[in-house]
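**Student:** The following block contains the structure, expressed as structure tokens.
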Ligand SMILES: Cc1cc2nc3c(=O)[nH]c(=O)nc-3n(C[C@H](O)[C@H](O)[C@H](O)COP(=O)(O)OP(=O)(O)OC[C@H]3O[C@@H](n4cnc5c(N)ncnc54)[C@H](O)[C@@H]3O)c2cc1C
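Numbering (our numbering), first residue to last: 36 to 426.
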């Protein structure tokens, strides 16, 4: 690995981007296998390579395994990776969510223990929030944790847990208050995935990947020091994590969608004829959506650069993500069909067309991180101040 000396001293606006670009040019960028298990293994190695070069620790102090410097630099590194068509590190949940939540709400011991392996990719994390009957209405979750002398014993089930079968640790929301205590009775617990009584069962997506799963907790113990935010104090931690998943994620997703759009146009549009006016109009509409998302990405990026946080307004970002992502891959699907590259009749496996896989996966973007309908309700009630039903 070529190590860039003193990454933290590079000027974020003028020097960091070019330094990442020249490092990438001198580095073997791995091919990402379609098979999910193989993909995870390759991306683990790639994360280690990025970390060793100094790119992943920006904004984190050295005592937590970081390289110092400005947190905003992480967004620049991500954008450069995407523009260079290089893969992102494996542990996006750890890097983009857990590490930042621990910086804000974790104890000193938790930061020292958990941040270095998150940054290096040695420990993959998953997020155990949703339950079979409690997704949108997360505050009613039923997985229970009973406090003992030295920790908590957890009983219940989570579902749609991304990377559950690869993860070493899970951030689990559990009810420690009375039943019916809603968000006042929830604790945020860090749980080792190899705990006795814990079982992760993979679920298959329509794209063929086993990217997420169900997690069952049968009297699973986690130690007292693994609570974040205090007893029954998990809700502000949860809201902060969801705001990151909805807000800062837009900056990364915008860069990815721009690259995808360029590829779709160059691969699929040459067959367009003068008669394809409807398709041309559709391309224009998607371009306009991307331009709007680009403006939002700049706004979110500069907020992060100033050390700000989006809070409930992150629901605007989440709606931008799902609307634009679905429009981009709907377009890919229509153009690929038009150019005869793709038809449902000749698709023998989902792996056979990248655009079909992307189209299918994009259905999930109006569900994960909170559905589009829920984001609209949050905006109506908490940003615009409109009355709730019947109020
Ligand atoms: C690819 C993917 C990855 C995921 N990864 C994770 C993960 O790692 N960890 C995790 O904890 N969860 C994860 N999830 C789960 C995700 O957060 C939930 O699916 C989501 O919050 C919706 O919950 P639900 O599936 O229970 O749907 P429900 O809450 O049952 O909703 C069903 C439908 O009803 C609508 N609806 C529900 N309530 C209302 C309301 N009050 N007003 C209007 N409409 C409403 C919803 O918008 C939706 O259309 C993932 C989901 C996907 C698709």
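We put the CB at the ideal spot given by N, CA and C, even for glycine.
Here the structure is a predicted model, which means the values were calculated and not measured.
Any Cβ of chain C within less than 9 Å of the Cβ of residue 402?
**Tutor:** The question asks about chain C, but that chain is absent: this structure has only one protein chain.
**Student:** Apart from the five residues on each side of it in sequence, which residues of its chain come closer than 6 Å, Cβ to Cβ, to residue 401?
**Tutor:** 357 and 407.
**Student:** Entirely within the region 309-360 and at least 4 residues each: give me those alpha helix (DSSP H) ranges in chain order.
**Tutor:** Those alpha helix (DSSP H) runs which fall completely within the region 309-360 and span 4+ residues are 312-340.
**Student:** Which whole runs of the alpha helix (DSSP H) in the region 397-424 are 4 residues long or more, in chain order?
**Tutor:** Counting whole runs of 4 or more residues, the region 397-424 contains the alpha helix (DSSP H) stretches 407-413.
**Student:** From 247, 71 and 348, pick the residue whose C-alpha is nearest to that of residue 160; which is it?
**Tutor:** Cα-wise, what sits closest to residue 160 is 247.
**Student:** Here's the rule: buried if 16 or more other CB atoms are within 10 angstroms of the residue's CB, otherwise exposed. What is residue 337?
**Tutor:** By the 10 Å Cβ count, residue 337 comes out exposed.
**Student:** Classify residue 146 as buried or exposed, calling it buried when 16 or more other Cβ atoms lie within 10 Å of its own Cβ.
**Tutor:** It is buried - the Cβ of residue 146 has at least 16 other Cβ atoms within 10 Å.
**Student:** Out of 340, 260 and 415, which has the shortest C-alpha to C-alpha gap to residue 348?
**Tutor:** Among 340, 260 and 415, the Cα nearest to that of residue 348 belongs to 415.
**Student:** Tell me whether the beta-carbon of residue 111 lies closer than 9 Å to the beta-carbon of residue 52.
**Tutor:** Yes.
**Student:** Apart from the five residues on each side of it in sequence, which residues of its chain come closer than 8 Å, Cβ to Cβ, to residue 369?
**Tutor:** Excluding sequence neighbours, residue 369 sits near 314 and 317.
**Student:** According to DSSP, is residue 250 part of a helix, a strand, or is it coil?
**Tutor:** DSSP places residue 250 in strand when its eight states are reduced to three.
**Student:** CB-CB under 8 Å to residue 101, same chain, minus the five flanking residues each way: which ones, in chain order?
**Tutor:** Cβ within range, chain order: 92, 93, 94, 95, 150 and 154.
**Student:** Can you give me the start and stop residues for the beta strand (DSSP E) that residue 388 sits inside?
**Tutor:** Per DSSP, residue 388 belongs to no beta strand (DSSP E) and is neither H nor E.
**Student:** What is the C-beta distance between residue 194 and residue 177, in whole angstroms, given that I count them as a contact (C-beta under 8 Å)?
**Tutor:** Not a contact, Cβ separation roughly 12 Å.
**Student:** Does the beta-carbon distance from residue 322 to residue 355 come in below 9 Å?
**Tutor:** Going by C-beta atoms, residue 322 is not nearer than 9 Å to residue 355.
**Student:** Considering only residues of the same chain and omitting the five flanking positions on each side of residue 75, which have a CB-CB separation below 7 Å?
**Tutor:** Counting only Cβ-Cβ distances below 7 Å, and skipping sequence neighbours, we find 125 and 201.
**Student:** Work out the CA separation of residue 362 and residue 196 for me, nearest whole Å.
**Tutor:** Distance between the alpha carbons of residue 196 and residue 362 is about 26 Å.
**Student:** Alpha carbon to alpha carbon, how far is residue 405 from residue 170? Give it in angstroms, no decimals.
**Tutor:** So the two alpha carbons sit approximately 8 Å from each other.
**Student:** Measuring from the CB of residue 278, is there a heavy atom of ligand 1 at a distance below 8 Å?
**Tutor:** Result no, Cβ not under 8 Å from ligand 1.
**Student:** When DSSP labels each residue in this structure, what does residue 166 get in the three-state scheme?
**Tutor:** Three-state result, residue 166: strand.
**Student:** Measuring from the CB of residue 407, is there a heavy atom of ligand 1 at a distance below 8 Å?
**Tutor:** Yes, ligand 1 has a heavy atom inside 8 Å of this Cβ.
**Student:** Hey, would you say the C-beta of residue 412 is under 8 Å away from at least one heavy atom of ligand 1?
**Tutor:** It does: the Cβ of residue 412 is within 8 Å (strictly closer) of some heavy atom of ligand 1.
**Student:** From residue 123 to residue 78, what distance separates their C-alpha atoms?
**Tutor:** For residue 123 and residue 78, the distance between alpha carbons rounds to 7 Å.
**Student:** From residue 232 to residue 225, what distance separates their C-alpha atoms?
**Tutor:** Going by the C-alpha atoms only, they are around 15 Å apart.
**Student:** Taking DSSP's pairing of strands, which residues face residue 238 in a bridge?
**Tutor:** For residue 238, which the question treats as bridged, DSSP gives the partners 247.
**Student:** For residue 148, which of 333, 285, 227 and 65 has the nearest alpha-carbon?
**Tutor:** Among 333, 285, 227 and 65, the Cα nearest to that of residue 148 belongs to 227.
**Student:** My output table needs one value for residue 90: the three-state DSSP class, helix, strand or coil.
**Tutor:** Reduced to three states, the DSSP call for residue 90 is coil.
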